[in-house]
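S.K.: Pasting a structure here, questions to come.
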Amino acid sequence: MPHPLGIELLTVLGMGPVEHVTLAADLGCSAVSMGLTQLPFNPHGYAGWSLRDDAGLRQELKAVLRERGIVIALAEGVSVSAEKDASELAADMDLFAELGALRVNAVDRGVERARAYDQLAALAGMARERGMEFSFSFCPAFTIGNLEEALKVVRHIGEGDATVLIDSMHFFRSGGTVRQIAELDPALIGYVQLCDGPRKGGGEYMQEAMYSRMIPGEGELPLREFVDALPRGQMLGLEVPLMAQAESGRPAPEYIREIVTKTRDLLA
Numbered sequence: 123m124p125h126p127l128g129i130e131l132l133t134v135l136g137m138g139p140v141e142h143v144t145l146a147a148d149l150g151c152s153a154v155s156m157g158l159t160q161l162p163f164n165p166h167g168y169a170g171w172s173l174r175d176d177a178g179l180r181q182e183l184k185a186v187l188r189e190r191g192i193v194i195a196l197a198e199g200v201s202v203s204a205e206k207d208a209s210e211l212a213a214d215m216d217l218f219a220e221l222g223a224l225r226v227n228a229v230d231r232g233v234e235r236a237r238a239y240d241q242l243a244a245l246a247g248m249a250r251e252r253g254m255e256f257s258f259s260f261c262p263a264f265t266i267g268n269l270e271e272a273l274k275v276v277r278h279i280g281e282g283d284a285t286v287l288i289d290s291m292h293f294f295r296s297g298g299t300v301r302q303i304a305e306l307d308p309a310l311i312g313y314v315q316l317c318d319g320p321r322k323g324g325g326e327y328m329q330e331a332m333y334s335r336m337i338p339g340e341g342e343l344p345l346r347e348f349v350d351a352l353p354r355g356q357m358l359g360l361e362v363p364l365m366a367q368a369e370s371g372r373p374a375p376e377y378i379r380e381i382v383t384k385t386r387d388l389l390a
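First residue of the sequence shown: 123, per this note's numbering; consecutive thereafter.
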């Protein structure tokens, strides 16, 4: 079974949600990841948007999702922090459920470990109550920094109530190996995000992660082996922000088509 592809929120660098879904469908992808507001960087100068504040835009988005056969495979922009309690995100969770999101993903922003565990558990419960799956991302720059630490959180929450999102950059940069993926219970893998890059970074980690990842097949990560070790049919969200290309004036649909094409070539 081939791996279906999705186009992630970070890849489209501020594009409106309706255009994002339309582009994914035009490129033969199955899904998108979606946040409720435009990202804080917008190199293409798209019109600002907010699914929180614009009920009309929510209706447009639901219509285009239905018409083009695309799903919101991942709801993004949910995080735990020292300042905000998970309960304050109830309205956002309601909106994601209204939009038909299949899965909510959360990240910790470097908060104290016990608080991260408890807040992620609370978010998992909120997602479950609304009929959505729940995953969380690990990242070397956050409190939950690698796969082993992430699995401890899953055990804390309950294996039936949470899974891990595995981002190829974060996974390999945190010391992960293909063998770990092959030996991991497939039920613990909720979602996978794919990009390429050097095996070792040379600059500020989150700057690279947010702005300058590489197209699958163009870096040093063992992506073909990584994907081969994943469960059959696992959705692969393409998280490949190419800020330099965007700032050069190259149209987003052009370079995103290149991302999709080269990923398919790599996995063929």
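Beta carbons: idealized from backbone N, C-alpha and C, even for Gly.
Mind checking which residues open and close the beta strand (DSSP E) that includes aspartate 289?
M.R.: 285-289 is the extent of the beta strand (DSSP E) around aspartate 289.
S.K.: Ordered along the chain, which non-local residues of its own chain (more than five positions away) have a Cβ less than 7 Å from that of valine 186?
M.R.: These residues qualify, in order along the chain: Val140, Val143 and Thr144.
S.K.: Have a look at the DSSP bridge pairing and note the partners of tyrosine 313.
M.R.: Paired residue(s): Leu287.
S.K.: Which complete alpha helix (DSSP H) runs does the region 225-294 hold, if anything under 4 residues is left out?
M.R.: The region 225-294 contains these whole alpha helix (DSSP H) runs: 235-251 and 269-279.
S.K.: Return helix, strand or coil for valine 362, following the three-state DSSP convention.
M.R.: In the structure shown, valine 362 sits in coil (DSSP, three-state: anything other than H, G, I, E or B).
S.K.: Tell me which same chain residues have a C-beta within less than 6 Å of the C-beta of alanine 208, skipping the five on either side of it?
M.R.: Excluding positions up to five away in sequence, the list reads Gln241, Ala244 and Leu245.
S.K.: DSSP has isoleucine 378 in a bridge; who is on the other side?
M.R.: The partner list for isoleucine 378 (beta bridge, DSSP) is empty, contrary to what the question assumes.
S.K.: Measuring only the C-alpha atoms, how far is arginine 278 from glutamate 270?
M.R.: In the sequence on display, residue 278 carries histidine and not arginine. Computed Cα separation, rounded: 13 Å.
S.K.: Can at least three beta-carbon pairs, one atom from the region 335-350 and one from the region 301-318, be found at a separation below 8 Å?
M.R.: They touch, by the three-pair rule.
S.K.: Which one of Gly371, Ile288 and Pro320 has the shortest CA to CA distance from leucine 196?
M.R.: Ranking Gly371, Ile288 and Pro320 by Cα distance to leucine 196 puts Ile288 first.
S.K.: Report, in whole angstroms, the separation of the C-beta atoms of glycine 312 and arginine 225, which I expect to be a contact under 8 Å.
M.R.: About 6 Å separates the two Cβ atoms, so the contact holds.
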